[in-house]
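Heads up: the sequence lines are chains A and B, in that order. Numbering-wise, my numbering comes out as the position in the first sequence, counting from 1, plus 780. Numbering-wise, my numbering comes out as the position in the second sequence, counting from 1, plus 224. Just so it is clear, CB atoms sit at the ideal spot from N, CA and C, and this is done for glycine as well.
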Amino acid sequence: MTAEKTINKKKKIAKNKKTVMDEKKKKETKKTMVAESKTEQKKKKIVTEEENRGITVFPILLDEKEPGEHKKIRQKINKILKNRFLPPAIIDKIIAKVAGDKRLEEKLEIIIDKTWAEYSKNLIDPTEACGMVSAQSIGEPGTQMTMRTFHYAGVAEINVTLGLPRLIEIVDARSTPSTPMMNIYLKDEYRVNPELAKEIANQIEITKLIDVADIEMDLTNMIIYIKLNKKTIEKKGLKADDILESIKSIRKIDAKLEKDVIKVTLDEPGYKNLQTINEMLKNLKIKGIDGIKRVIIRKEPNEGYVIYSEGSNFKKVLEIEGVDPYRTTTNDIHAVAKELGIEAARNMIIQEAYNTLLEQGLNVDMRHIMLVADVMTADGTVRAIGRHGVSGEKSSVLSRAAFEITVNHLLLASQRGEKDDLNGVAENIIVGQPINLGTGAVELIMKHSKRMGETTSAEKE
Amino acid sequence: MVKTTENKHQFDILKHELVPHHEILSDEEKKQLIEKYNLTPDQLPKILDSDPVSVSIGAKPGQIVKIIRKSHTAKEAVAYRLVVESN
């Protein structure tokens, strides 16, 4: 909170309104906190299963634009719900239906009760193997995915790995995607003005010397002539002097500008030296950001100019003036995790995986993908699913042995004298016990203290 | 030439559209949370103290961060992460 405050202070002049909003938010959360502690106290007196669930009042991040009538209904609903929980999305739907309809509003209590009953019925059961369901739900439609597709729905010029290879890439948490790409959004004046957008694109796209000049070797005199192409230089917004400067950064050479030709002489003449310098000159970076090979500017409806780039360098691009750092994204999940944190990486995994599946016409429920993303980001870093990640790091020996490279795991475990608590599924199947899931996880114990007639509701333990 | 901003984090990463709302729980809230769900803090998902968001809100190891995610299914969902030391 304190850090947030100081940041807010810095941007006080420009974002005065924002701070006010933040203050309001803080007040609101404090209110909910107070409400929480009150209900907490009540709960201690009468603790039942139902009242234990969800005491936070939604929505926590308030929508300022919400009309007053909706707010009133929302308050009413929260009153009826008391300690019961309904997701804000469902409450919103009810509000949209009820608003402006007096007869429905009178029956609000019944509506809420019925909705809540239906919602509770549809919640996943305790000890249900939700990971298994997710794996099957993603895996089954996955069999219908095209093995290799290389095109992007919106931008035809940029090749992007899609389909099964991309999905594997996401789940394996590769350090760099095979086709990194960025969607670079621009700030207000830049996104409407094509000239300014082009300028930013020039700053981002990498320009090598070979792109703007012809390089010729004079073998007899041991001189390299660089003939600058005036038109392309102008297009890229460069100057001959700038190019000369960057050429001079190469060691052991001397360069002179004569009209449109740069003359490069060596300090230590030699045929081999000349060849290596020639190669260096060809790949010399004059302008742009490392890693970004190509950019395309497109005009999107309701948005203006958006830059799409082949190759990705999240950190550097965000620092460029005119780029909107709050919306620009990359498909490099590790870069997102590094710059924006683990929660942003989780969002990116969900977005990428969901869009990859959707692009192939496969409608997998988002909750399954959310679960995958949750598991991948559970320990604060992006981990792969599989041998090198989640499955390979399980604490149980038998579980690891059951997954892959059985003999190695058993051998190492016996050397170290490892213990297995038989908590997981695979271990219990190996030793022939009921697994700790579903009905296998529940044991029934009858209370001896109660008499026969009163013990109809056996307690779960 | 390329105009780069002097400060590395001149923009506030907390306002990026991919980053949900984070806040640090007070000791009291932490106690309530643990009581409510009957859990030990290490059963929660983790967030590193070197995580950019942890750095910018000033979360220290041992604290619990409350995350209010924008959910596609529930509109808003609350999650918690335990701040751990990165090694």
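Does DSSP put residue i in a helix, a strand or coil?
| i | result |
| --- | --- |
| residue 899 of chain A | helix |
| residue 296 of chain B | coil |
| residue 1136 of chain A | helix |
| residue 761 of chain A | What the structure shows of chain A is the stretch from 781 to 1241, and residue 761 of chain A is not part of that stretch, so it cannot be assessed. |
| residue 953 of chain A | coil |
| residue 303 of chain B | strand |
| residue 258 of chain B | helix |
| residue 853 of chain A | helix |
| residue 834 of chain A | Because the pLDDT at residue 834 of chain A is just 41, under 50, the model does not fix this residue reliably, and the point stays unresolved. |
| residue 1056 of chain A | helix |
| residue 1109 of chain A | strand |
| residue 271 of chain B | strand |
| residue 1161 of chain A | coil |
| residue 980 of chain A | helix |
| residue 277 of chain B | helix |
| residue 1202 of chain A | coil |
| residue 940 of chain A | coil |
| residue 866 of chain A | coil |
| residue 1225 of chain A | strand |
| residue 1182 of chain A | helix |
| residue 241 of chain B | coil |
| residue 1094 of chain A | helix |
| residue 1167 of chain A | coil |
| residue 251 of chain B | helix |
| residue 1217 of chain A | coil |
In angstroms, rounded to a whole number, what distance separates the CA positions of residue i and residue j?
| i | j | result |
| --- | --- | --- |
| residue 304 of chain B | residue 1029 of chain A | 51 angstroms |
| residue 904 of chain A | residue 1147 of chain A | 12 angstroms |
| residue 918 of chain A | residue 1145 of chain A | 9 angstroms |
| residue 803 of chain A | residue 265 of chain B | Summary for residue 803 of chain A: the model assigns pLDDT 47, below 50, so the residue's position carries little reliability; its value from the coordinates is reported in the next sentence. Each residue's Cα considered, the two are about 29 angstroms apart. |
| residue 1136 of chain A | residue 1226 of chain A | 51 angstroms |
| residue 972 of chain A | residue 857 of chain A | 44 angstroms |
| residue 1014 of chain A | residue 1055 of chain A | 29 angstroms |
| residue 1210 of chain A | residue 951 of chain A | 28 angstroms |
| residue 270 of chain B | residue 1123 of chain A | 11 angstroms |
| residue 941 of chain A | residue 1126 of chain A | 20 angstroms |
| residue 1252 of chain A | residue 1035 of chain A | Look at the range of chain A in this structure, 781 to 1241, and you will see that residue 1252 of chain A is not part of it. |
| residue 722 of chain A | residue 980 of chain A | Outside the modelled stretch of chain A, which goes from 781 to 1241, sits residue 722 of chain A, for which no answer is possible. |
| residue 1130 of chain A | residue 1150 of chain A | 6 angstroms |
| residue 288 of chain B | residue 249 of chain B | 6 angstroms |
| residue 884 of chain A | residue 311 of chain B | 57 angstroms |
| residue 978 of chain A | residue 1077 of chain A | 8 angstroms |
| residue 242 of chain B | residue 1205 of chain A | 35 angstroms |
| residue 277 of chain B | residue 1163 of chain A | 19 angstroms |
| residue 1140 of chain A | residue 262 of chain B | 42 angstroms |
| residue 849 of chain A | residue 879 of chain A | 7 angstroms |
| residue 1173 of chain A | residue 922 of chain A | 25 angstroms |
| residue 306 of chain B | residue 1198 of chain A | 28 angstroms |
| residue 257 of chain B | residue 959 of chain A | 43 angstroms |
| residue 945 of chain A | residue 286 of chain B | 39 angstroms |
| residue 1052 of chain A | residue 1107 of chain A | 49 angstroms |
| residue 947 of chain A | residue 1121 of chain A | 22 angstroms |
| residue 1038 of chain A | residue 1101 of chain A | 34 angstroms |
| residue 245 of chain B | residue 906 of chain A | 28 angstroms |
| residue 1066 of chain A | residue 1023 of chain A | 6 angstroms |
| residue 1194 of chain A | residue 956 of chain A | 37 angstroms |
| residue 279 of chain B | residue 1098 of chain A | 18 angstroms |
Per DSSP, residue i forms a beta bridge with which residues?
| i | result |
| --- | --- |
| residue 1156 of chain A | Looking at the DSSP assignment, residue 1156 of chain A forms no beta bridge with any residue, so it has no partner. |
| residue 246 of chain B | B/291 |
| residue 777 of chain A | Lying before the first or after the last residue shown, residue 777 of chain A is absent from chain A, which here runs from 781 to 1241. |
| residue 1064 of chain A | Paired residues: none, contrary to the question. |
| residue 1070 of chain A | For residue 1070 of chain A, which the question treats as bridged, DSSP gives no partner whatsoever. |
| residue 264 of chain B | Paired residues: none, contrary to the question. |
| residue 1084 of chain A | A/1080 |
| residue 1045 of chain A | A/1003, A/1034 |
| residue 1144 of chain A | In DSSP, residue 1144 of chain A forms no bridge with anything. |
| residue 1211 of chain A | Answer is none; residue 1211 of chain A lacks a bridge partner. |
| residue 308 of chain B | B/272 |
| residue 1103 of chain A | A/966 |
Inter-stretch contact at 8 angstroms, needing at least 3 Cβ pairs: the segment 1072-1091 of chain A / the segment 965-974 of chain A: yes
Segment contact flag, the segment 1175-1182 of chain A with the segment 1151-1161 of chain A, C-beta cutoff 8 angstroms, min 3 pairs: no
Secondary structure, beta strand (DSSP E): runs of 3+ residues fully inside the segment 986-1026 of chain A: 993-998, 1003-1008
Length-filtered (4 minimum) alpha helix (DSSP H) runs lying within the segment 868-923 of chain A: 868-878, 882-886, 888-902, 910-922
Three-pair Cβ contact test at 8 angstroms for the segment 888-905 of chain A versus the segment 864-877 of chain A: yes
Inter-stretch contact at 8 angstroms, needing at least 3 Cβ pairs: the segment 985-996 of chain A / the segment 1017-1032 of chain A: yes
Contact between the segment 252-263 of chain B and the segment 292-300 of chain B (3+ Cβ pairs under 8 angstroms): no
Validate contact between the segment 1002-1010 of chain A and the segment 1033-1048 of chain A using beta carbons, cut 8 angstroms, 3 pairs: yes
Any 3 or more C-beta pairs closer than 8 angstroms across the segment 1091-1101 of chain A and the segment 1110-1120 of chain A: yes
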